[in-house]
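Beneath this line is the structure, given in structure tokens, with notes to follow.
Numbering (our numbering), first residue to last: 3 to 371.
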């Protein structure tokens with residue numbers, strides 16, 4: 003069973019947000035309902051949850067209430083067969099304050115309205131995106147449609163094909179547009195940095211300024227541009243390796259997943275460790291996920307509360323997060339779930355867990371609230 007408190011809360015919160023303008027007296031109950039402290043208390047878990055929720059935005063699009071999530075956005079991820087490169091806004095290192103106003107403008111634009119109208123014309127079709135050109139076109143060719151239905155995918159990494167029903171725009175369609183046309187979102191380490199920076203600010207600590215020299219940030223530069231998974235895996239004195247047995251894990255610890263070249267290829271952040279219920283909740287931003295979860299999403303590891311000495315690499319743990327191709331029809335992820343990915347390339351060291359040392363006093367202070 004997935005850890006779905008946040009998802010349920012978001013659905014209820016959406017209803018309240020819609021009705022709130024008509025019920026002024028409900029302002030205080032609404033604020034109380036939406037306060038992360040109801041579930042997570044007043045410590046660092048609540049702060050991480052607040053930072054996570056900043057990556058979601060409720061909008062009405064095509065007559066539907068949608069809870070939009072920040073898209074995944076990694077530079078050079080799909081350029082292998084393209085003659086033209088492209089970069090995402092902020093290089094994938096933008097934060098919600100920077101990205102959401104831009105995304106709002108995209109959603110309110112005439113080109114996006116044309117896109118939603120096309121997806122609502124009642125006709126089955128294939129949408130063909132051209133990421134380098136930031137454009138799209140619709141094909142109603144019966145052979146294109148039949149090939150997609152038969153599983154004969156004709157898209158390319160930089161030119162995804164998507165079969166749509168013509169019955170209206172869905173949240174996944176908005177994601178596709180923001181990713182392929184808007185080039186807006188966050189990469190995995192950009193998302194982790196957003197969470198860590200938000201936690202630091204709760205105690206008045208500017209994490210970017212504190213680590214700027216270590217990151218090699220030039221005068222006037224934005225530290226977020228210089229943070230990547232490689233930094234989290236570095237030998238910096240600011241990074242502490244954490245034995246990855248369950249009882250050693252803490253909120254704000256960073257989970258690193260190794261790639262085939264021996265370097266770390268992905269990062270995620272732990273939000274909570276419930277030793278009594280046997281649940282680790284971690285947050286990440288990736289597009290190798292179920293369609294509805296691409297981008298920023300929550301994930302869980304389930305364990306026996308009596309076995310907290312187990313390592314995250316133990317095959318007996320239940321990692322609930324499944325991995326799929328970003329677009330249906332593309333080559334599947336080589337890993338069935340996050341647990342398999344964490345255990346992968348054990349000959350090169352496998353996955354590992356680290357934490358940022360300077361956040362220790364901040365987290366301790368937050369947990370005393």
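No residue lacks a Cβ here, since even glycine has one placed at the ideal position from N, Cα and C.
Under DSSP, residue 286 takes part in a beta bridge, and its partners are 299.
Taking a cut-off of 8 Å for Cβ pairs, the region 130-139 and the region 193-200 do not touch, as fewer than three such pairs fall below it. Per DSSP, residue 69 is one residue of the beta strand (DSSP E) stretching across 66-71. Apart from sequence neighbours up to five positions away, the residues of its chain that approach residue 315 with a beta-carbon distance below 8 Å are 246, 344, 345, 348, 352, 353, ordered along the chain. A distance of 8 Å or more separates the beta carbons of residue 253 and residue 296. Of all C-beta pairs linking the region 162-181 to the region 57-68, three or more are shorter than 8 Å, placing the two stretches in contact. For the pair residue 257 and residue 355, the CB atoms are nearer than the 8 Å cut-off. The Cβ neighbour count for residue 320, taken over all protein chains shown within 10 Å, is under 16; the residue is labelled exposed. Fewer than three Cβ pairs drawn from the region 153-168 and the region 91-110 lie within less than 8 Å of each other, which leaves the two stretches out of contact. If you draw a 10 Å sphere on the C-beta of residue 289, you find 16 or more other C-beta atoms in it, and that means buried. Within the DSSP secondary-structure output, residue 243 pairs in a beta bridge with 356. Just so you know, the alpha carbons of residue 298 and residue 102 end up roughly 14 Å apart. Fewer than three beta-carbon pairs drawn from the region 206-225 and the region 323-339 are found closer than 8 Å, and the two stretches are therefore not classed as touching. Taking 4 residues as the shortest admissible run, the region 74-142 contains the following complete alpha helix (DSSP H) segments, listed from N- to C-terminal end: 98-109, 112-120. Ranked by Cα distance from residue 150, the options 59, 128, 236 are led by 128.
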